[in-house]
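A.B. asks: Be aware that the sequence shown starts at 9, since it is given in the working numbering, and climbs by one per residue.
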Amino acid sequence: MKHFLSLACATLLQASLALPAQPPARPRYGDPDFFPITAWGSLPKDIFTQEQANDMAEAGITVAGFAQDIGQLDLVQNAGMVAWGIHQVPGNHYWDDNAPEEELREGIRATVRHFKDHPALLGYFLQDEPSTRRFRNLAIMADEVKASHPGKDCYINLLPNYATQKQMGAPTWKEYAERFIQDLAPAHIGYDFYSLFEEDAPLRPGTWRQLAETREVAQAHGIPFEVCLLSVGHMPYRIPSENDLFFQVYSALLYGAKGILYFTYFTPSVASYRHAPIDPWGNRTETWYAMRFVNNTVKCIARTINRLDSTKVYHFVPQGRERLPREDAPDETSLVSAPAAENQDIAVGEFRDRENGDLYVMVLNKNLKHTINISGLQWRNGTPADIQVVSQFKKDVLSRFAGENVWVAPGQALLLKIQQ
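#1: Grab me the residues of His242's own chain with a C-beta within less than 6 Å of its C-beta, minus the 5 sequence neighbours each way, in chain order.
#2: Taking DSSP's pairing of strands, which residues face Trp387 in a bridge?
#3: Would Tyr202 and Ala47 qualify as a contact pair, given that the criterion is a beta-carbon distance under 8 Å?
#4: Please confirm whether Gly198 and Asn165 have their CB atoms less than 8 Å apart.
#5: Label Arg408 either buried or exposed according to how many other C-beta atoms from any shown protein chain fall within 10 Å of its C-beta, with 16 as the threshold for buried.
#6: Is Asn145 helix, strand or coil when you go by DSSP?
#7: Measure the C-alpha to C-alpha separation of His126 and Phe301 and round it to an integer number of angstroms.
#8: For Lys154 and Thr215, I'd like the C-alpha separation in whole angstroms.
#9: Expressed to the nearest angstrom, what Euclidean distance is found between the alpha-carbon atoms of Ala220 and Arg212?
#10: How big is the Cα-Cα spacing for Asn291 and Ile231?
#11: Give a yes or no on whether 8 Å exceeds the smallest Cβ distance from Ala228 to chain C.
#12: Per the contact definition of three or more C-beta pairs closer than 8 Å, is the stretch 41–57 in contact with the stretch 304–314?
#13: Going by DSSP, which residues form a beta bridge with Asp353?
#14: Taking C-alpha atoms, which residue in Ser50, Gln420, Gln400 lies nearest to Gln96?
#15: Quick test of your reading: Ile380 and Val416, contact by CB under 8 Å. State the CB separation rounded to the nearest angstrom.
#16: How far does the beta strand (DSSP E) with Val90 in it extend, from its first residue to its last?
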């Protein structure tokens, strides 16, 4: 019997050692490691079941998009997520630029009554990509949210910088964003931006300018920003690969983004839309598995990046390639002075921990096809006394910047803790 038990214990031990590391636990809203990862879009009434809600949470989503009713919020809560409540349109004049103020306010009061005080309610989604012509209405509605449901926020995502002046109602994107902050005094700012086209077309030229200007506007007003990125093939945009998702997410984190949104999680019922994480019939696609992998890495470093303030972002461009707008070069105060090799296409973000002053550097591999070795990074004031890699696979784990820890996969980034 003892021999049998010994064999059994040995077998169980070998099996446990062979098990992969468990994904990070699902953080709750308000936890220090909660990071907003949002499935942009209204939750569909036909296929959004408890199973779908659980699937969404398993994919690493923490904010389940826009709920249409209390029943959907119940499903969201059961899965450990939160959601925005979508506004209940307050009448035929709602979309008029000069709709009656009382009608707008009553619409918000009706929306608050509709969702009551559900524990999974994060706040209220008011509009997608408004022009400055809509800011007057939205300011009234946001003000009424503060009055009718204190403590709840509003979500309004802005147009990208490739929108026309007519669409924005402003001569530049930066002026458009400044008007938004001036008129609405939002708690955060975000925008939509899709940078990846079919057939390996070049990156949309305004990608780095959009990130740089959003970072500058957000920091000037002391508010966080978030980025809505591509997770579904449609029109000229390609079906994003795992490398594509990593690149989009970590480009945003490199610039200090404090939230990620995916457009979309569910595949819209329009012919050109294809391979969102969930297909039109409610099934997982290959994009779902790629999204889960990317999101789980973000959740592993979330507690750290939530504490970090972005202090500098700069790019190193391979010889022979023209620098894109706002691929800002390093300056005389940059911690990193040169990449490990001349042909490396990398960007570097510098951060400071607001709690203890620790320094961090994020190195992004902008190449979507090839892994790079960054062990030979050149540091302006000599190699730091200690460099540690913040693990993307095990929460709160640091490893030495050596051996296999110096390689960066396509589109991915390493977050390094620096001791000078």
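We put the beta carbon where it would ideally sit given N, CA and C, even for glycine.
Since the model is a prediction, treat every value here as computed from it, not as a measurement.
C.D. replies: Walking through what the data contain:
#1: Your numbering for residue 242 matches position 234 in the sequence shown. Closer than 6 Å at Cβ, skipping near neighbours: Ser280, Tyr281.
#2: Here residue 387 refers to the residue found at position 379 of the sequence shown. Answer is Val344.
#3: Locating residue 202 in the sequence shown gives position 194, counting from the first residue. Locating residue 47 in the sequence shown gives position 39, counting from the first residue. In this structure, the beta-carbon distance from Tyr202 to Ala47 does not fall below 8 Å.
#4: Within the sequence shown, numbered from 1, the residue matching residue 198 stands at position 190. Within the sequence shown, numbered from 1, the residue matching residue 165 stands at position 157. A contact, by the Cβ cut-off of 8 Å.
#5: Mapped onto the sequence shown, residue 408 falls at position 400. The residue in question, Arg408, is exposed, as its Cβ has fewer than 16 Cβ neighbours within 10 Å.
#6: If you number the sequence shown from 1, residue 145 lands on position 137. In the three-state scheme derived from DSSP, where H, G and I count as helix and E and B as strand, Asn145 is classed as helix.
#7: If you number the sequence shown from 1, residue 126 lands on position 118. If you number the sequence shown from 1, residue 301 lands on position 293. A straight-line Cα-Cα distance of about 30 Å links His126 and Phe301.
#8: Within the sequence shown, numbered from 1, the residue matching residue 154 stands at position 146. Within the sequence shown, numbered from 1, the residue matching residue 215 stands at position 207. Taking C-alpha positions only, Lys154 is separated from Thr215 by approximately 34 Å.
#9: Residue 220 sits at position 212 when you count from the first residue of the sequence shown. Residue 212 sits at position 204 when you count from the first residue of the sequence shown. The C-alpha of Arg212 is placed about 14 Å away from the C-alpha of Ala220.
#10: One-based indexing of the sequence shown puts residue 291 at position 283. One-based indexing of the sequence shown puts residue 231 at position 223. When rounded, the separation of the alpha-carbon atoms in Asn291 and Ile231 is 37 Å.
#11: Here there is only one protein chain, and chain C is not present.
#12: Yes, they touch.
#13: Here residue 353 is taken as the residue at index 345 of the sequence shown, counted from 1. Asp353 is not bridged to any residue.
#14: By 1-based counting over the sequence shown, the position of residue 96 is 88. Nearest Cα to Gln96 within the set Ser50, Gln420, Gln400: Ser50.
#15: Indexing the sequence shown from 1 puts residue 380 at position 372. Indexing the sequence shown from 1 puts residue 416 at position 408. With a contact defined as Cβ atoms closer than 8 Å, Ile380 and Val416 qualify at about 5 Å.
#16: The count along the sequence shown starts at 1 and reaches residue 90 at position 82. Note, Val90: beta strand (DSSP E), 90–94.
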